[in-house]
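Numbering (UniProt numbering), first residue to last: 1 to 476. Note that CB positions come from ideal geometry on N, CA and C, so glycine has one too. Structure first, then comments.
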Amino acid sequence: MITPRFSCSQTEIEVIVKMYCPSVRASDVEINIDETLFSVHVNPYFLRLSFPHPLKGDEDASASYDASSGYLTVTLTKETPGQEFKDLDLLAKLLAPRPTEQQQPVIEVLSSEDATADAENDIDEELAQRAQQLTLKQQEILRAAENDWQLPQEVPEPLPQLKTAPDYRYGFMDMHTGYLRHVAHTENEVNELGGDAETCPPSERRERRLKHEDEKWDEEYYMADYVEDEYIQELLHWQNPHTGVSDDDFQYSEEENATMLRLPRKEYLATPQQTHNLYLTLVTLLFSYAYDCRTTQHDPTPESAWTLSVLTPAFSALDPAPYSADPPPPNLSSFSTQELSATFAASYRRALAFPLYRSWKLAERCRADVAALLGRGKRVVARCLFEMKHVLDHHEVYYVYSKVWTDDFCVWTLAYASDETLRELAAAVKLLNMEKAMIGWDIDDLEGSAREAMEREPDSDDESESEIERMLPAPL
């Protein structure tokens with residue numbers, strides 16, 4: 001079945017779904033409405049949408065087909081007139097499967113009778129017989145329970161992860177495996193795990209990543225960009241176009257709508273801890289996007305796919321957040337300063353060790369971009385992910401990171417991310433105070449030495465010029 005291009009709009013009492021279905025027979029249109037679930041089938045097209053609020057039944061829906069334009073328009077009636085259906089422009093959210101509802105088992109009582117005294121006596125005798133069969137330790141526990149004694153309790157040790165194969169999963173919510181099985185035979189320059197990408201455990205991935213970053217750190221390279229920073233100053237003053245558009249003017253393009261139609265349609269049953277970690281990993285993706293966007297002036301180059309991949313720890317080393325050793329905050333919808341600092345420290349280390357421009361000020365400016373993008377909500381964040389996906393999809397090697405990370409993040413952001421949480425995260429990122437000591441490379445000392453050297457240079461130049469003037473002959 002083919003998913004047609006479509007758009008949704010609404011009035012006070014209706015929801016209008018407009019689909020492009022050229023060369024079909026209008027008499028073959030089949031419409032089905034099940035509360036919030038709407039589906040339409042006309043061979044070879046099929047569309048199923050999940051709306052946020054219920055609709056009236058099939059008898060209240062109508063459809064019209066314009067053969068000249070190829071558009072099928074279905075008008076649905078809201079069950080509650082005047083109710084606003086939000087996010088009708090988020091096509092990926094409408095296409096996502098309807099969340100499953102876990103219902104409690106329903107028991108129908110056909111008849112009931114009061115227990116007689118004889119029945120109660122029989123039960124007491126049976127319990128007494130069972131108690132005699134208990135061990136002494138079990139009897140002590142029962143007596144303690146009756147007297148409400150405080151028995152010693154121990155938390156059982158967690159069981160080790162059951163592994164039936166040598167491979168470890170990776171990617172979005174550890175849902176993927178097998179994509180990097182032959183990575184040793186490809187020209188994947190950002191892969192830091194080598195041929196062990198499929199079998200390397202998560203703890204070793206982090207160790208290898210940190211070791212590789214320390215090896216790639218180049219003091220002379222960093223100092224050269226620190227002293228000769230004319231072009232970096234130009235990058236710092238560039239304005240990201242996605243941070244200046246108002247919400248009223250926001251609208252997805254036809255290409256972005258087509259991208260949403262091609263996204264996978266999955267239901268993500270994430271725990272609160274997994275959701276918390278996904279927000280942190282999203283920060284690292286946006287940092288990589290902000291760096292490439294700023295250094296290319298929003299005009300991706302053939303190197304952009306490499307830049308996006310090498311700056312993202314979840315791509316290069318399959319090492320997503322969290323990076324902090326401290327426990328997460330009790331309220332998993334909030335983000336502590338420690339875990340945000342550790343998250344950005346991981347991105348800063350890579351931005352100072354791998355790409356063309358290595359500047360602390362540039363990294364700080366990219367963090368400000370991340371805060372601004374998060375503050376715009378999931379629509380703008382999804383647009384950035386679409387652009388990131390487009391760059392990766394068109395690379396012959398790094399497209400794999402789009403499959404295991406970016407595709408799922410696009411769907412999750414549109415269908416499951418909260419604008420309120422994104423804005424709270426934006427405020428925390430904006431107020432974050434990143435210190436150079438967090439990186440671990442003595443950047444403060446290096447910059448201090450460079451400043452002292454630059455302060456001494458004018459004096460030496462003046463002395464040289466005075467010496468040259470004394471050596472010149474006197475004017476006639």
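**Study point:** Pair within 8 Å by beta-carbon distance, L340 and V429
**Key:** yes
Check your understanding: Which stretch, first to last residue, makes up the alpha helix (DSSP H) that contains V380?
Key -> K378 to D393
Exercise for review: Using only alpha-carbon positions, find the residue among L362, K56, S288 and Y416 that is nearest to R98.
Suggested key: Y416
Practice item. Report the rounded CA-to-CA distance for R208 versus N188, giving the unit in angstroms. Key: 16 Å
Review point. What does DSSP give as the partner residues of F38 in its beta bridges?
Key: I33 and L49
Check your understanding: Considering C410, what are the terminal residues of the alpha helix (DSSP H) in which it resides?
Key -> D407 to A415
Review point. Going by Cα to Cα distance, which pick from Q83, T73 and Y45 is closest to K56?
Key: Q83
Review point. For the region 237 to 255 against the region 393 to 407, are there 3 or more C-beta pairs whose distance is under 8 Å?
Key: Short answer: they don't touch.
**Study point:** Y65: first and last residue of the uninterrupted beta strand (DSSP E) it sits in
**Key:** S62 to D66
Review point. Whole-angstrom Cβ separation of I232 and Y348, contact assumed at under 8 Å?
Key: I232 to Y348, Cβ: 15 Å. No contact.
Check your understanding: When DSSP labels each residue in this structure, what does Q297 get in the three-state scheme?
Key -> coil
Check your understanding: Closest by CA to Q10, which one among A270, A346, L373 and L76?
Key -> Nearest neighbour of Q10 by Cα position, chosen from A270, A346, L373 and L76, turns out to be L76.
Check your understanding: Could you check where the alpha helix (DSSP H) with I232 kicks off and where it finishes?
Key -> E230 to L236
**Study point:** Sub-8 Å separation of V391 and L263 beta-carbons
**Key:** no
Review point. Given 8 Å as the limit, is there contact between the region 269 to 282 and the region 312 to 324, that is, 3 or more CB pairs closer than that?
Key: yes
Exercise for review: Leaving out five residues on either side along the sequence, give the residues of the same chain with a beta carbon under 8 Å from the beta carbon of T421.
Suggested key: Y279 and S333
Check your understanding: For C8, which beta-bridge partners are listed by DSSP?
Key -> V17
Practice item. Can you give me the Cβ contacts of residue 478 inside the same chain, cut-off strictly under 6 Å, excluding the 5 residues immediately before and after it? Key: This structure cannot speak to residue 478, because the chain is shown only from 1 to 476.
Practice item. Pull up the distance between the alpha-carbon of S50 and that of R358, whole angstroms please. Key: 46 Å
Point to revise | contact_flag[the region 363 to 383, the region 234 to 242] where n(CB pairs < 8 Å) is 3 or more | key: yes
Point to revise | Contact check, K93 vs L414, beta carbons under 8 Å | key: yes
Review point. Among I31, P52 and S7, which one has its Cα closest to the Cα of Y71?
Key: S7
Review point. Hey, out of P202, A61 and L37, whose CA is closest to V29's CA?
Key: Considering only alpha carbons, the answer is A61.
Check your understanding: Going straight from the alpha carbon of E455 to that of M175, what length do you get?
Key -> 55 Å
Exercise for review: Since I believe D419 is in contact with E389 (beta carbons under 8 Å), could you give me their beta-carbon distance rounded to a whole number of angstroms?
Suggested key: In the sequence under discussion, the amino acid at residue 389 is Lys, which differs from the Glu named in the question. Their Cβ separation, rounded to whole angstroms, is 21 Å, which puts K389 and D419 out of contact at 8 Å.
Review point. Among residues of its own chain, excluding the 5 on either side of T186, which ones have a beta-carbon nearer than 8 Å to its beta-carbon?
Key: V397
Exercise for review: Could you have a look at V183 and say whether DSSP puts it in helix, strand or coil?
Suggested key: helix
Check your understanding: With 16 other CB atoms within 10 Å as the buried threshold, where does Q86 fall?
Key -> Per the sequence shown, the amino acid found at residue 86 is Lys instead of Gln. Burial call: exposed.
Review point. Which residue comes first and which comes last in the beta strand (DSSP E) that contains V429?
Key: V429 -> not in any beta strand (DSSP E); alpha helix (DSSP H) instead, spanning D419 to L431.
Review point. If you draw a straight line from the alpha carbon of Q274 to that of M173, how long is it in whole angstroms?
Key: Approximately 7 Å, taken between the alpha carbons.
Point to revise | Strand pairing of L72, partner residues [DSSP] | key: M19 and Y65
Review point. From W360, C384 and H394, pick the residue whose C-alpha is nearest to that of W441; which is it?
Key: Of W360, C384 and H394, the residue nearest in Cα terms is W360.
**Study point:** Residue nearest to K436 in terms of C-alpha spacing, selected from E364, Y221 and D393
**Key:** E364
**Study point:** Run of the alpha helix (DSSP H) containing W306, from where it starts to where it stops
**Key:** S304 to L311
Check your understanding: For L356, which of F386, R294, P328 and A382 has the nearest alpha-carbon?
Key -> R294
Check your understanding: If we call anything under 8 Å between Cβ atoms a contact, is P300 one with D292?
Key -> yes
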